[in-house]
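Worksheet: one structure, shown below.
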Amino acid sequence: MTDQAVQTPATSNPAGHPERVFSGVQPTGNLHLGNYLGAIRNWVPLQDQRPSIFCVVDLHAITAGFEPDLADKTREIAAAYIACGIDPKKSIVFPQSRVSAHAELAWILNCVARIGWLDRMTQFKDKAGKHKERVSVGLYAYPVLMAADILAYRATHVPVGEDQKQHLELARDIAQKFNNDLNVPGFFPQPEPLILGPTPRVMSLRDGKAKMSKSDASDLSRINLKDSDEEIAAKIRKARTDPEPIGGTMEEMDARPEASNLLGIYAALAGKPKADILEQFEGAQFSTFKNELADLAVSVLGPIRQRMAALLTDKAEIDRVLEDGAARARAIAMPILAETRKAAGFL
Ligand code: TRP
1 MTDQAVQTPA TSNPAGHPER VFSGVQPTGN LHLGNYLGAI RNWVPLQDQR PSIFCVVDLH
61 AITAGFEPDL ADKTREIAAA YIACGIDPKK SIVFPQSRVS AHAELAWILN CVARIGWLDR
121 MTQFKDKAGK HKERVSVGLY AYPVLMAADI LAYRATHVPV GEDQKQHLEL ARDIAQKFNN
181 DLNVPGFFPQ PEPLILGPTP RVMSLRDGKA KMSKSDASDL SRINLKDSDE EIAAKIRKAR
241 TDPEPIGGTM EEMDARPEAS NLLGIYAALA GKPKADILEQ FEGAQFSTFK NELADLAVSV
301 LGPIRQRMAA LLTDKAEIDR VLEDGAARAR AIAMPILAET RKAAGFL
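For the sequence shown, position 83 (counting from the first letter as 1) is numbered 83 according to this note's numbering, and the numbering increases by one without interruption.
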């Protein structure tokens, strides 16, 4: 996807920088089951393998307009990380806006990234649609800020979903071009995507062909991490299905997107392969299956909601945790930023 021929180095980290994980979620809208199963849940085991940084990307959140209650939404995402099992003592959890290196490095990288590269970003094309002339410059530059997030820590491993892979490719290209143009081989390592296990694409409960999304007009389409047990159960009972009982081969289920989605959600929540769940419920009516799924979903999500709520009763304590995270993040990013300034030739 590069304009210049960019050579892939023999190793993605020739200078042997220490390994580090970086990922983030935007504090916009409501966190839902898709965010949990597709992202946050999968981060939990990573913190035992490598030093990990989990950021609440509030600077990204304003690219589509200033968010009302941005500070509270930021606290909410942080509480969700912790409630899902991220340990803020082991990992670094902080708001992006509290570490100025992100914005500063993004500017330098804006001057490395090419317009032609950004023009190819499918997420921008989807988000801007027909309004390309009227969306913010920030929305266009969004992937460069994401590259800065990663490179500010020389992160080597980035857990992302399918939809962010193109942005990660861009981050690799930006790192490579910086290293080449400024003749500092290995200065930034090439961040590797971490594609985590058999993560299902969690689809809308109303339309098996659309992704579960915080922007869907129908709240019945998604299970929010804040939903009560009753809401979770009701949404699952009302989820669209077809009249056939569960059964057939995996391929046959794939042709029934709503049915397949519910099976996938069950499998992910149970931590088992989807084929096992298909076998377990072979011949069952969806009414029966949905009751089982509702019980399972409540048993997994109920305790998370309760832990989140408990954390959010003490804002001062969350803010203290986030400030501690920001200080530890700065301690890593600031020296790298200083080296970057030097490599770029600033006074
Ligand atoms: N763009 C990512 C998303 O919407 C969030 C994000 C911002 C991110 N910066 C990042 C993810 C750095 C991984 C690494 O999902």
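Note that CB positions come from ideal geometry on N, CA and C, so glycine has one too.
Simplified DSSP assignment, three categories, for residue i
| i | result |
| --- | --- |
| Val44 | helix |
| Pro159 | strand |
| Phe289 | helix |
| His431 | Given that the chain is displayed from residue 1 to residue 347, the structure contains no residue 431 and the question cannot be resolved. |
| Phe346 | coil |
| Gly65 | coil |
| Thr2 | Per-residue confidence for Thr2 stands at a pLDDT of 45, beneath the threshold of 50, marking its modelled position as unreliable; the derived number appears in the next sentence. Here Thr2 sits in coil by DSSP. |
| Gly248 | coil |
| Phe178 | helix |
| Glu169 | helix |
| Val56 | strand |
| Gly186 | coil |
| Gly16 | coil |
Residue environment, residue i, which counts as buried when at least 16 other CB atoms sit within 10 Å
| i | result |
| --- | --- |
| Asn291 | exposed |
| His131 | exposed |
| Ile304 | buried |
| Glu279 | exposed |
| Glu162 | exposed |
| Lys73 | buried |
| Glu258 | buried |
| Glu76 | buried |
| Gln49 | exposed |
| Thr288 | exposed |
| Cys84 | buried |
| Ala331 | exposed |
| Trp107 | exposed |
| Ala5 | Annotation note: pLDDT 48 at Ala5 (below 50); position unreliable, coordinate value reported separately. Burial call: exposed. |
| Thr8 | Low local confidence applies: a pLDDT of 48 at Thr8 is under 50, so the model's placement there is unreliable, with the coordinate-based value given in what follows. Exposed, since its Cβ has fewer than 16 Cβ neighbours within 10 Å. |
| Phe356 | As shown, the chain starts at 1 and ends at 347. That puts residue 356 outside it, with no answer to give. |
| Gln353 | Coverage of the chain is limited to positions 1 through 347, which leaves residue 353 absent and any answer about it impossible. |
| Thr11 | exposed |
| Gly129 | exposed |
| Leu262 | buried |
| Gly24 | buried |
| Cys111 | exposed |
| Phe94 | buried |
| Pro27 | buried |
| Phe346 | exposed |
| Pro335 | exposed |
| Gln47 | buried |
| Gly283 | exposed |
| Pro45 | exposed |
| Met1 | With a pLDDT of 46 at Met1, under the threshold of 50, the modelled position of that residue is not reliable, and the figure given next carries that caveat. Flag for Met1 reads exposed. |
Cβ separation of residue i and residue j, assumed to be a contact under 8 Å, to the nearest whole Å
| i | j | result |
| --- | --- | --- |
| Phe286 | Thr241 | 4 Å |
| Ile223 | Leu33 | 4 Å |
| Ile277 | Val202 | Contact doesn't hold; Cβ gap of about 15 Å is too wide. |
| Phe22 | Tyr142 | Going by Cβ atoms, the distance from Phe22 to Tyr142 rounds to 16 Å, so no, they are not a contact pair. |
| Val160 | Leu168 | 6 Å |
| Glu19 | Thr156 | 5 Å |
| Asp63 | Gly138 | A small correction: the amino acid at residue 63 is Thr; Asp does not occupy that position in the sequence shown. With a Cβ gap of about 4 Å, Thr63 and Gly138 count as contacting. |
| Ala329 | Val99 | 5 Å |
| Met308 | Leu225 | 7 Å |
Closer than 8 Å: residue i CB and nearest the ligand TRP heavy atom
| i | result |
| --- | --- |
| Val137 | no |
| Gln26 | yes |
| Asp149 | yes |
| Val202 | no |
| Gly161 | yes |
| His157 | no |
| Cys84 | no |
| Cys111 | no |
| Phe22 | yes |
| Met121 | no |
| Met146 | yes |
| His131 | no |
| Ala329 | no |
| Val300 | no |
| Ser39 | A small fix is needed here, since residue 39 is Ala in this sequence, not Ser. Yes, since a heavy atom of the ligand TRP falls inside the 8 Å radius drawn around the Cβ of Ala39. |
| Gln164 | yes |
| Val93 | no |
| His32 | no |
| Tyr142 | yes |
| Val44 | no |
| Val57 | yes |
| His167 | yes |
| His60 | yes |
query: Mind pulling the alpha helix (DSSP H) runs of 4 or more residues that sit fully within the region 194-246?
result: 229-238
message: For a minimum of 4 consecutive residues, which ranges assigned as the alpha helix (DSSP H) are wholly contained in the region 76-141?
response: 101-110, 115-119 and 122-128
task: Go through the region 257-340 residue by residue and report every complete run of the alpha helix (DSSP H) that reaches 4 residues or more, in order.
output: 257-270, 274-280 and 286-312
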